[in-house]
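Taken in sequence, the protein lines are chains C and E. Numbering follows the numbering used here, with no gaps: position 74 of the first sequence is 94. Numbering follows the numbering used here, with no gaps: position 62 of the second sequence is 82. Below is one structure, written out as structure tokens; the observations come after it.
Number of protein chains: 2
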Amino acid sequence: MSLLADTAPRTLAEGLRVQLADEIVSGALEPGAVLDEMNLARRFGVSRTPVREAIRQLSASGLVETRPHRAAVVAQPSAERLLGMFEAMAELEALCAGLSAERMTGAERRALEACHEDLRRLIHIGDPLRFSELNEAFHSLIYAGAHNGYLAEQTIATRARVRPFRRAQFRNLGRLANSHAEHDRVVTAILRGERPAAVAAMRAHIMRVREEYEIYLGTR
Amino acid sequence: MSLLADTAPRTLAEGLRVQLADEIVSGALEPGAVLDEMNLARRFGVSRTPVREAIRQLSASGLVETRPHRAAVVAQPSAERLLGMFEAMAELEALCAGLSAERMTGAERRALEACHEDLRRLIHIGDPLRFSELNEAFHSLIYAGAHNGYLAEQTIATRARVRPFRRAQFRNLGRLANSHAEHDRVVTAILRGERPAAVAAMRAHIMRVREEYEIYLGTR
DNA sequence: TAAAGCGGCATTGTATGCAATTCGCCACAT
DNA sequence: ATGTGGCGAATTGCATACAATGCCGCTTTA
Chain C
21 MSLLADTAPR
31 TLAEGLRVQL
41 ADEIVSGALE
51 PGAVLDEMNL
61 ARRFGVSRTP
71 VREAIRQLSA
81 SGLVETRPHR
91 AAVVAQPSAE
101 RLLGMFEAMA
111 ELEALCAGLS
121 AERMTGAERR
131 ALEACHEDLR
141 RLIHIGDPLR
151 FSELNEAFHS
161 LIYAGAHNGY
171 LAEQTIATRA
181 RVRPFRRAQF
191 RNLGRLANSH
201 AEHDRVVTAI
211 LRGERPAAVA
221 AMRAHIMRVR
231 EEYEIYLGTR
Chain E
21 MSLLADTAPR
31 TLAEGLRVQL
41 ADEIVSGALE
51 PGAVLDEMNL
61 ARRFGVSRTP
71 VREAIRQLSA
81 SGLVETRPHR
91 AAVVAQPSAE
101 RLLGMFEAMA
111 ELEALCAGLS
121 AERMTGAERR
131 ALEACHEDLR
141 RLIHIGDPLR
151 FSELNEAFHS
161 LIYAGAHNGY
171 LAEQTIATRA
181 RVRPFRRAQF
191 RNLGRLANSH
201 AEHDRVVTAI
211 LRGERPAAVA
221 AMRAHIMRVR
231 EEYEIYLGTR
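Right, dumping it as structure tokens:
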């Protein structure tokens with residue numbers, strides 16, 4: 021049973037957009053890869069029109085970059101810009117955590133605590149992939165707990181744009197335990213309704229996560 | 021002389037996107053207005069293709085909403101969502117101000133001070149339109165002073181999405197003076213390099229601005 | 001009389017063909 | 001030998017034609 025109501029794409033362009041976004045975020049399409057309209061059209065068995073539409077939407081969301089009369093390429097931000105994206109992400113997530121401390125309902129707080137406990141178990145099992153999945157769910161609960169749909173969207177979008185530049189997250193099992201300890205401070209602050217503490221704890225967590233990334237060092 | 025390097029649009033779709041965005045942000049196209057592809061194509065003397073492209077990009081930026089096989093409509097957020105957008109905008113602008121306090125160069129600080137002084141003069145002249153324009157420039161200086169391009173883009177985008185729901189900003193001249201007094205606290209904190217004070221002052225300013233807006237009260 | 005089903009019409013989604021622009025290659029001059 | 005100019009091929013931008021879907025009014029039946 022999937023909690024995500026992934027509705028079937030109602031148009032070709034929508035399906036292509038989702039699939040291409042997946043490939044970019046997952047790393048199958050590496051930063052700098054060129055998105056040739058004809059190649060993609062042949063590959064997916066459609067005409068150029070829906071391909072163009074999908075590419076334009078990805079461009080607007082920042083995953084790809086386009087220039088007039090040039091092929092689109094998967095976004096390849098400079099190291100400076102990537103740092104800026106991390107900084108913004110840290111502040112957005114911290115804001116969500118702070119608002120969650122003030123606004124989460126009882127049910128939401130219980131769900132967060134339960135998710136946190138599930139993550140604790142996964143440390144001992146030592147399953148980095150499952151941990152990574154549940155970690156995403158953990159953060160999503162905090163976005164939702166802020167009770168601000170616009171903020172949640174912006175935070176999710178920023179997270180997606182940074183995602184292609186993660187490499188081997190939770191490579192070592194020690195990181196799992198550390199991550200959980202950082203989460204613990206966030207959860208404690210949220211459950212106690214302490215907004216400033218929640219903000220500080222989440223900001224520290226994300227900045228710590230940043231250090232785990234291999235920051236892309238290209239010059240565009 | 022324009023400080024904005026408004027490059028000539030290199031494609032029809034780009035030109036249409038800019039023009040439609042202008043009309044939405046300025047209020048010429050009111051929230052809820054339907055964007056019929058054929059009508060727009062006839063009106064601009066082009067085919068549906070570039071019109072579609074422009075609409076899709078506007079959809080991705082949040083200014084219009086689209087559903088499959090339905091005409092696009094100018095975004096008409098619920099009152100709750102609009103409040104969320106204001107809240108996010110307040111935090112984003114506050115973050116920019118805080119970072120500006122730490123990172124602005126000497127030249128940037130002098131430019132901010134100069135812009136602030138120009139605004140002071142406009143109070144006495146009593147020119148709400150010019151004040152509004154220069155006010156935008158004032159805030160833009162702070163976005164730039166944060167030295168984080170991604171953050172600046174997100175903040176500008178949020179500001180644009182909120183813009184259609186402003187009505188009669190700076191209606192009364194008293195608001196101009198109040199606004200300048202709030203700016204003054206922001207500028208003082210930034211020039212002193214006091215990040216927390218800058219954050220607090222800007223947050224208070226934006227929340228005050230929100231009160232001046234006529235919040236749209238529709239239920240979508 | 002009202003509700004449900006059906007069919008025509010209008011609008012969006014997709015495919016295809018043509019025009020415009022960019023880039024690479026080659027010749028040629030310095 | 002190297003830099004510059006122009007020509008050609010390939011790709012994107014745009015226009016147009018066709019297909020598919022949603023809307024709306026009508027008819028029909030309970």
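For glycine and all other residues, C-beta sits at the position ideal for the given N, C-alpha and C. None of the values given here were measured: they were computed from a predicted structure.
Within 10 angstroms of its Cβ, does Pro97 (chain E) collect 16 or more other Cβ (buried), or is it exposed? So Pro97 (chain E) ends up on the buried side.
With three or more beta-carbon pairs closer than 8 Å as the criterion, would you say the stretch 170-179 of chain C touches the stretch 108-116 of chain C? Verdict: yes, contact present.
What residues in the stretch 141-173 of chain C have a beta carbon less than 7 Å from any beta carbon of chain E? If the cut-off is 7 Å between Cβ atoms, the stretch 141-173 of chain C has Asn168, Gly169, Tyr170 and Leu171 near chain E.
Run through DSSP, which three-state label would Glu214 (chain E) get? Coil at Glu214 (chain E), not helix or strand.
Kindly say whether Gly35 (chain E), judged by its beta-carbon, lies nearer than 8 Å to any beta-carbon of chain C. Output row for Gly35 (chain E): interface = no.
Nearest candidate by alpha-carbon position, reference Ala74 (chain E), set E:Gln39, E:Arg63, E:Ala95 and E:Gly126: Looking at the Cα atoms, E:Gln39 is the closest of the given residues.
Which partner residues does Leu55 (chain C) have in the DSSP bridge list? C:Ala92.
From Leu119 (chain E) to Ala80 (chain E), what distance separates their C-alpha atoms? Roughly 28 Å separates the two Cα atoms.
Comparing alpha-carbon positions, which option in E:Thr69, E:Ala209 and E:Arg30 lies nearest Met222 (chain E)? When each option's Cα is compared against that of Met222 (chain E), the closest is E:Ala209.
Assuming Glu156 (chain C) is part of the alpha helix (DSSP H), what are its boundary residues? Glu156 (chain C) -> alpha helix (DSSP H) spans Pro148 to Gly165.
Stretch pair the stretch 192-201 of chain C + the stretch 27-39 of chain E: three plus CB contacts closer than 8 Å: The stretch 192-201 of chain C vs the stretch 27-39 of chain E: no contact.
Does the pairing of the stretch 83-95 of chain E with the stretch 48-62 of chain E give three or more beta-carbon distances under 8 Å? Counting Cβ pairs under 8 Å, three or more are found: they touch.
Listed from N- to C-terminal order along the chain, which residues in the stretch 99-123 of chain C have their beta-carbon within a distance smaller than 7 Å of any beta-carbon of chain E? Cβ contacts with chain E come from Arg101, Gly104, Met105, Glu107, Ala108, Glu111 and Leu115.
Whole angstroms are fine: how far does the CA of Leu36 (chain C) sit from the CA of Ala166 (chain C)? Ala166 (chain C) and Leu36 (chain C): Cα-Cα distance of roughly 31 Å.
Phe106 (chain C) lies in the alpha helix (DSSP H); which residues open and close that run? It spans Ala99 to Arg123 - the alpha helix (DSSP H) in which Phe106 (chain C) sits, taken as one unbroken run.
Note down the Cα distance separating Thr86 (chain E) from Glu34 (chain C), rounded to an integer number of angstroms. Between Thr86 (chain E) and Glu34 (chain C), the C-alpha separation is close to 12 Å.
State buried or exposed for Pro70 (chain E), treating a residue as buried only when at least 16 other CB atoms are found within 10 Å of its CB. By the 10 Å Cβ count, Pro70 (chain E) comes out buried.
Does any CB atom of chain C fall closer than 8 Å to the CB of Ala61 (chain E)? Proximity of Ala61 (chain E) to chain C, defined by a Cβ-Cβ separation below 8 Å, is not satisfied.
Give the C-beta separation of Ile44 (chain C) and Ala117 (chain C) to the nearest angstrom, bearing in mind that I take them to be a contact with Cβ-Cβ under 8 Å. The C-beta distance from Ile44 (chain C) to Ala117 (chain C) rounds to 27 Å, too long to fall under 8 Å, and the pair is not in contact.
Return the CA-CA distance between Ala48 (chain C) and Pro184 (chain E), expressed in angstroms with no decimal places. In a straight line, the C-alpha of Ala48 (chain C) is about 39 Å away from that of Pro184 (chain E).
N-terminal and C-terminal residue of the alpha helix (DSSP H) that Thr86 (chain E) is part of: Segment: none, Thr86 (chain E) is in no alpha helix (DSSP H) and carries neither H nor E.
Less than 8 Å between the beta carbons of Phe158 (chain E) and Leu139 (chain E), yes or no? Result yes, Cβ atoms of Phe158 (chain E) and Leu139 (chain E) sit closer than 8 Å.
Going by beta carbon distance, what residues of the same chain come within less than 8 Å of Ile226 (chain C), once the five residues before and after it are set aside? The beta carbon of Ile226 (chain C) is closer than 8 Å to those of Phe106, Met109, Ala110, Glu113 and Ala114 in its chain, skipping five residues each way along the sequence.
Any beta carbon of chain E sitting closer than 8 Å to that of Gln96 (chain C)? Contact with chain E is absent for Gln96 (chain C), since none of that chain's Cβ atoms lies less than 8 Å from the residue's Cβ.
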